[in-house]
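Data block below; observations after.
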Amino acid sequence: MKMKNVMGLIHHLKNEDVLQEITQQRCMAAVPFGGRYRLVDFVLSNMVNAGISNIGIITSLNLRSLLDHLGSGKDWGLEKKHGGLFILPAAHSKKRTVGRKVDLEDIFVNRDYLQHSKEKYIIIAGSNMVCNIDFKQVLLFHKEKNNDITVIYKDNYSHSKESKAAFLDTDEDGRITSLQIRPAQKKKNKMCMDMYIMEKSLLLNLLEEGSSRKKWDLISIFLEHLNNLKIYGYAHQGYVAVIDSVRSYYGHHLDLLTPEIWQELFFKNGVIHTKFKDGPPTKYYDVSDVRNALIANGCLIEGRVENSVLYRNVKIGRGAVIKNSIIMPKVEIEEDAVLDSVILDKHVVVRKGTRLTGDKNKPVIVKKRSVV
Amino acid sequence: MPNKECIAMLLAGGQGSRLRVLTKNLAKPAVPFGGQYRIIDFSLSNCANSGIDTVGVLTQYKPQLLNSYVGLGSAWDLNCHNGGAAILPPYVGEGGGAWYRGTAHAVYQNLDFIDKYEPSYVLILSGDHIYKMDYSELLDYHKSKRADITIAVIEVPWDEAGRFGIMNVNEDGVITEFEEKPENPRSNLASMGVYVFNTDILKKYLAADAADSKSDNDFGKNVIPRMLREKCRMIAYPFCGYWKDVGTIESYWKASMDILDDKAPLNIFDTQWAIYSLNTTQPPHYLASSARVKHSMISEGCMIFGEVENSIIFPGVTVGRGSKIRDSVIMSNVRIDSNVRIEKAIVGENTMVGEGSIIGGEISSEEYSGIRSASADPKITVVEDGLQLAPHTRIGVVFRMKRTESKLSEVAGV
Numbered sequence: 335m336k337m338k339n340v341m342g343l344i345h346h347l348k349n350e351d352v353l354q355e356i357t358q359q360r361c362m363a364a365v366p367f368g369g370r371y372r373l374v375d376f377v378l379s380n381m382v383n384a385g386i387s388n389i390g391i392i393t394s395l396n397l398r399s400l401l402d403h404l405g406s407g408k409d410w411g412l413e414k415k416h417g418g419l420f421i422l423p424a425a426h427s428k429k430r431t432v433g434r435k436v437d438l439e440d441i442f443v444n445r446d447y448l449q450h451s452k453e454k455y456i457i458i459a460g461s462n463m464v465c466n467i468d469f470k471q472v473l474l475f476h477k478e479k480n481n482d483i484t485v486i487y488k489d490n491y492s493h494s495k496e497s498k499a500a501f502l503d504t505d506e507d508g509r510i511t512s513l514q515i516r517p518a519q520k521k522k523n524k525m526c527m528d529m530y531i532m533e534k535s536l537l538l539n540l541l542e543e544g545s546s547r548k549k550w551d552l553i554s555i556f557l558e559h560l561n562n563l564k565i566y567g568y569a570h571q572g573y574v575a576v577i578d579s580v581r582s583y584y585g586h587h588l589d590l591l592t593p594e595i596w597q598e599l600f601f602k603n604g605v606i607h608t609k610f611k612d613g614p615p616t617k618y619y620d621v622s623d624v625r626n627a628l629i630a631n632g633c634l635i636e637g638r639v640e641n642s643v644l645y646r647n648v649k650i651g652r653g654a655v656i657k658n659s660i661i662m663p664k665v666e667i668e669e670d671a672v673l674d675s676v677i678l679d680k681h682v683v684v685r686k687g688t689r690l691t692g693d694k695n696k697p698v699i700v701k702k703r704s705v706v
Numbered sequence: 008m009p010n011k012e013c014i015a016m017l018l019a020g021g022q023g024s025r026l027r028v029l030t031k032n033l034a035k036p037a038v039p040f041g042g043q044y045r046i047i048d049f050s051l052s053n054c055a056n057s058g059i060d061t062v063g064v065l066t067q068y069k070p071q072l073l074n075s076y077v078g079l080g081s082a083w084d085l086n087c088h089n090g091g092a093a094i095l096p097p098y099v100g101e102g103g104g105a106w107y108r109g110t111a112h113a114v115y116q117n118l119d120f121i122d123k124y125e126p127s128y129v130l131i132l133s134g135d136h137i138y139k140m141d142y143s144e145l146l147d148y149h150k151s152k153r154a155d156i157t158i159a160v161i162e163v164p165w166d167e168a169g170r171f172g173i174m175n176v177n178e179d180g181v182i183t184e185f186e187e188k189p190e191n192p193r194s195n196l197a198s199m200g201v202y203v204f205n206t207d208i209l210k211k212y213l214a215a216d217a218a219d220s221k222s223d224n225d226f227g228k229n230v231i232p233r234m235l236r237e238k239c240r241m242i243a244y245p246f247c248g249y250w251k252d253v254g255t256i257e258s259y260w261k262a263s264m265d266i267l268d269d270k271a272p273l274n275i276f277d278t279q280w281a282i283y284s285l286n287t288t289q290p291p292h293y294l295a296s297s298a299r300v301k302h303s304m305i306s307e308g309c310m311i312f313g314e315v316e317n318s319i320i321f322p323g324v325t326v327g328r329g330s331k332i333r334d335s336v337i338m339s340n341v342r343i344d345s346n347v348r349i350e351k352a353i354v355g356e357n358t359m360v361g362e363g364s365i366i367g368g369e370i371s372s373e374e375y376s377g378i379r380s381a382s383a384d385p386k387i388t389v390v391e392d393g394l395q396l397a398p399h400t401r402i403g404v405v406f407r408m409k410r411t412e413s414k415l416s417e418v419a420g421v
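Chains as they are written, first to last, in the working numbering: chain U, 335 to 706; chain P, 8 to 421.
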């Protein structure tokens, strides 16, 4: 399968406030995930691992940490003479855009980039669907079925109440018969992963159509074409973490403590790339007691850690106890602090003996650089 | 092109045969160290942290891995428009070519590289030492002493002095005597293999050395003694930090345990003088509920289900359920199945260890109950890279029967 003929486009998510304090200073794509990554790493790596080398990423205004993270794209192998990584501005329309799943206006303002690109096909995907998927297989399916549009979905997905995901129905052949955001009936459990493949020329046509009628939501446009375009669903068989609430963000972190999920998400169809950082391994002291935990490099652990994820360069003092928690980079937890069900953002300092307890359904979030 | 004040020539061609199977497939500077690094990272990082941005890396023995590892030096922030890291292998010219006959000959063959930058000073380094050193301070010292050559020196234990180039200095720090690997050392001041030369002096003495058919073309054996005979101004620069020549299995293992020490004399967690390396991205490591990790360093991409104590685990290692790793160094991507016991061993990259195997250590016949023999320190067992050890393999184990049994027997080691 020649993936040289495919370009990637990472769309900008409109629901950035769902992660509360975590997305206060960063866009969704730059949200830390999995102990050393940012959400965008997964979709970007899936594209790169499939052999795609021309990738555009639409950004929000809150983009400092994303730009810092991506740099030239070198760490994803995207620093190239031809193609590579393109940072694209969003439309920043004053109208309410939150409801849009994939915002065509954002793509429309960047249509020059699409027109200049030589690739025939385009994959559109967001960064809040964390998975390790082989896009080569999806393209193969797309071509074999002679589809106009292929929509990637996850079957048997049990969605939570706060989920804003779209769900779809297919006929026996896999052709999509309906597509709805927050359907009333529970039987619709084919969750749309907001990942689409089509020919670039078709997308450009849809953009013109959307532009002429100021209709900017890709899904609503699809709905109008269910009969005259071959729109098929492709079932992703593996794990997917949908990050659309603090609860799911927290819960999916703890999913990674299952070795099978760890193995699949980080290795299955290729490794997940991220910004390269130097640092020593993690040091465990005589008194450390760590079980069922995911630990990044550069940590110094003298305390007890259980059922938690530690990002890079976290320090845990003697006698401290960390349970069911997500600890982001460069956090310092002093002696005898006791933490349960908390999310500590980067550079947080927890003072000696502090106790912080959240709830598994409502973990306590401590903002970046706070001292508690 | 503006000239550089100082460039470095890094000698990385050595075989390091005393590291036995660790250097079977790669050069000594490329040997993995410290859970995340290769030995050469320390010298290259020192260059970067000292503001030396031009480094010629002289390679010869099994250079493939080393060459691709160093590349353009970007992992150490050495890539720049004028300079950077350059791999300098032996080459053929109009007049034929030659392997590097010795350290001095290697540099002599690459005088063109030095001339390109017209440096005032040339720093000669070895790629096989573990240390942190600010070469800019060494250079300042050299300049302030108006020396022809300055040699960094460190006090070593008297019983080890015979392994080094040993010198005597007067009260002004001027070197008065120099002996390479003396049988009866008269001082314990050892050369660290780190020299700063004035470029013109270096060129003069390399040319003289090359013209001498009796010379081994080695800095320590030939060039420095000749300079001493000819009354050059030679200064010793006393270095007080941690420095380890990891030339033997014992010193390699010792240096590994040093880095693991809670009061590590060489702090790799210091961000002010970071040690850089080239690594592939791996996810954070996973410690299962059954894992027990004490006094150890564990790197990315590992999955630990067993027990690890006083050991260094490189990236991508799996330690199965019920396995016990102790006092050992396990290199990248080693897979250790369940109920394996590894004690005081160094296991090379990509080796698979079948279940129930025993590697290293000195063990009584009731083994698995974990009784440690009180006898002398067991030797270090080294397992080659890329091996597939069948289940229940025993390597390097002195297998002792109980006292009540009639005889002592030994199980063959490697």
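Glycine included, every Cβ here is placed at the ideal spot set by N, Cα and C.
Practice problem: Select from P:Ile311, P:Pro291, P:Leu29, P:Gln289 the residue whose C-alpha is nearest the C-alpha of arginine 625 of chain U. | Solution: P:Ile311
Quiz prompt | Where serine 133 of chain P sits in the DSSP three-state scheme | solution = strand
Quiz item: Since isoleucine 629 of chain U meets chain P, which of its residues come closer than 7 Å, beta carbon to beta carbon?
Solution: Pro291, His292, Leu294
Quiz item: Using the beta-carbon count (16 or more within 10 Å), is isoleucine 421 of chain U buried or exposed?
Solution: exposed
Quiz prompt | CB contact below 8 Å: glycine 368 of chain U versus chain P | solution = yes
Self-check item: Where glycine 377 of chain P sits in the DSSP three-state scheme
Solution: Below a pLDDT of 50, predicted positions are generally treated as unreliable, and glycine 377 of chain P, at 43, falls in that range; no measurement from the model is reported.
Practice problem: Return the CA-CA distance between tyrosine 259 of chain P and methionine 662 of chain U, expressed in angstroms with no decimal places. | Solution: 34 Å
Practice problem: May I ask you to list, following chain order, the residues of the region 295-315 of chain P that have a beta carbon less than 7 Å from some beta carbon of chain U? | Solution: Ala295, Ser296, Ala298, Val300, Lys301, His302, Ser303, Met304, Ile305, Ser306, Glu307, Met310
Quiz prompt | Reference valine 443 of chain U, options U:Met463, U:Glu640, U:Trp550, closest by Cα | solution = U:Trp550
Quiz item: Does the beta carbon of glycine 42 of chain P come closer than 8 Å to any beta carbon on chain U?
Solution: yes
Exercise. State the CB to CB distance for the pair valine 28 of chain P and glycine 355 of chain P, rounded to an integer number of angstroms; the pair is presumed to be in contact (CB under 8 Å).
Key: 7 Å
Quiz item: Given that a residue counts as buried once 16 or more other Cβ atoms are within 10 Å of its Cβ, and exposed if not, what is alanine 214 of chain P?
Solution: exposed
Self-check item: Selected residue, minimal CA-CA separation from valine 375 of chain U, among U:Asn462, U:Gly417, U:Ser394, U:Gly687
Solution: Checking the sequence shown, residue 375 of chain U turns out to be aspartate, not valine. Aspartate 375 of chain U has its Cα closest to that of U:Asn462, out of U:Asn462, U:Gly417, U:Ser394, U:Gly687.
Self-check item: Contact set for asparagine 339 of chain U: own chain, Cβ-Cβ below 8 Å, skip 5 residues either direction
Solution: Glu453, Lys454, Tyr455
Exercise. Would you check if the region 337-356 of chain U and the region 572-592 of chain U touch, i.e. whether three or more CB-CB distances between them fall below 8 Å?
Key: yes
Quiz item: Counting contacts by CB-CB distance shorter than 8 Å, is lysine 686 of chain U in contact with chain P?
Solution: no
Quiz item: Does any residue of chain P bring its CB to less than 8 Å from the CB of lysine 602 of chain U?
Solution: no
Practice problem: Spell out whether any CB of chain P is found under 8 Å from the CB atom of asparagine 383 of chain U. | Solution: no
Exercise. Using a Cβ cut-off of 8 Å (strictly closer), state whether aspartate 269 of chain P contacts chain U.
Key: yes
Exercise. Give a yes or no on whether the minimum CB-CB distance between valine 485 of chain U and chain P is below 8 Å.
Key: no
Quiz item: How many angstroms separate the CA atom of alanine 15 of chain P from the CA atom of serine 133 of chain P?
Solution: 10 Å
Quiz item: Who are the Cβ neighbours of lysine 301 of chain P in its own chain at under 6 Å, not counting the five residues just before and after it?
Solution: Glu316
Quiz item: Can you give the Cα-Cα distance for serine 194 of chain P and alanine 168 of chain P, rounded to whole angstroms?
Solution: 8 Å
Quiz prompt | Cβ neighbours of alanine 217 of chain P in the same chain (closer than 6 Å, five flanking residues each side left out) | solution = Tyr115
Quiz item: Taking the alpha-carbon positions, what's the lysine 348 of chain U to arginine 434 of chain U distance?
Solution: 7 Å
Quiz item: In this structure, does DSSP put lysine 261 of chain P in helix, strand or coil?
Solution: helix
Practice problem: Identify each residue in the region 662-678 of chain U for which the Cβ-Cβ distance to at least one residue of chain P is less than 7 Å, and report them in chain order. | Solution: none
Quiz item: Would the region 79-93 of chain P and the region 51-60 of chain P be scored as touching if the rule is three or more Cβ pairs under 8 Å?
Solution: yes
Exercise. Output the boundary residues of the beta strand (DSSP E) element that contains lysine 251 of chain P.
Key: 250-252
Quiz item: Are leucine 65 of chain P and leucine 18 of chain P close, meaning C-beta to C-beta below 8 Å?
Solution: yes
Practice problem: Go through its chain and collect everything with a Cβ distance to glutamate 598 of chain U's Cβ below 7 Å, but skip five positions before and after it. | Solution: Asn466, Gly572, Tyr573
Quiz item: When the Cα of asparagine 53 of chain P is compared with those of P:Thr30, P:Gly42, P:Leu130, P:Val176, which residue comes out closest?
Solution: P:Leu130
Quiz item: With respect to the beta strand (DSSP E) encompassing histidine 292 of chain P, which residues constitute its N-terminal and C-terminal limits?
Solution: 292-294
Practice problem: Indicate the three-state DSSP secondary structure (helix, strand or coil) for asparagine 626 of chain U in the structure shown. | Solution: strand
Practice problem: Could you tell me the distance, in whole angstroms, from the CA atom of lysine 664 of chain U to the CA atom of valine 326 of chain P? | Solution: 28 Å
Quiz item: For aspartate 507 of chain U, which option in U:Thr393, U:Ile565, U:Glu542, U:Ile595 has the closest C-alpha, if you only look at C-alpha atoms?
Solution: U:Ile565
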